[in-house]
Amino acid sequence: TFRKFTYRVVDLDQLLDLSYKQLMQLYSALQQQRPNQGLGRKQHSPLRRLRKAKKAVPPMEKTEVVKTHLQDMIILPEMVGSMVGVYNGKTFNQVEIKPEMMGHYLGEFSIPYNPVKHGRPCIGATPASSPSNIPIFISTFHN
Numbered sequence: 001t002f003r004k005f006t007y008r009v010v011d012l013d014q015l016l017d018l019s020y021k022q023l024m025q026l027y028s029a030l031q032q033q034r035p036n037q038g039l040g041r042k043q044h045s046p047l048r049r050l051r052k053a054k055k056a057v058p059p060m061e062k063t064e065v066v067k068t069h070l071q072d073m074i075i076l077p078e079m080v081g082s083m084v085g086v087y088n089g090k091t092f093n094q095v096e097i098k099p100e101m102m103g104h105y106l107g108e109f110s111i112p113y114n115p116v117k118h119g120r121p122c123i124g125a126t127p128a129s130s131p132s133n134i135p136i137f138i139s140t141f142h143n
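Read left to right, the sequence shown gives residues 1 to 143 (the UniProt record's numbering).
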């Protein structure tokens, strides 16, 4: 048996039927600070393209990637299951929207930097490995 996804005790099917204002009451306080008028024109454009991409694809298949610059857009229930290309300042990172991502921002899944992988120090990383302390071997043999 599969575990049915619920967001704050509400099933995903019921979340799709809720209005925008009812949905905002389920989200955290930070997301509730959005203007009370609802979504702006900026947010409607990617949502329209996501709906269009979902209709064009048969069920149980991945949708076409919809590119957007909106990192501050809140992930809504109707976005679940679609592919979004989120711009991080250099490239569009592909993000597959899952039910667990609801209530988060798109920018949280498209980080603008490469995580640091700490390895061994190279020459110049410590004072002991500066070029003046490295011994120079001069050949004393002459032909």
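The C-beta atom is built at its ideal place from N, Cα and C for all residues, glycine as well.
DSSP places E100 within a helical segment (H, G or I) once states are collapsed to three. In this structure, F92 lies away from M101, with their beta-carbon atoms at least 8 Å apart.
Taken through DSSP and simplified to helix, strand or coil, D11 comes out as strand. Between the segment 74 to 86 and the segment 50 to 63, the count of C-beta pairs closer than 8 Å reaches three or more; the two stretches touch. Residue E78 holds the alpha-carbon nearest to the alpha-carbon of L47 among P59, K21, E78 and Y20.
Within the model, the alpha-carbon separation for L30 versus K21 is close to 14 Å. Counting only runs of at least 3 residues, the segment 43 to 77 fully encloses the following beta strand (DSSP E) elements, listed from N- to C-terminal order: 66 to 68. Counting only residues of its own chain and dropping the five nearest sequence neighbours on each side, V116 has no CB closer than 7 Å to any other CB. L12 and F5 do touch by the CB rule: their CB atoms are close to 5 Å apart, below 8 Å.
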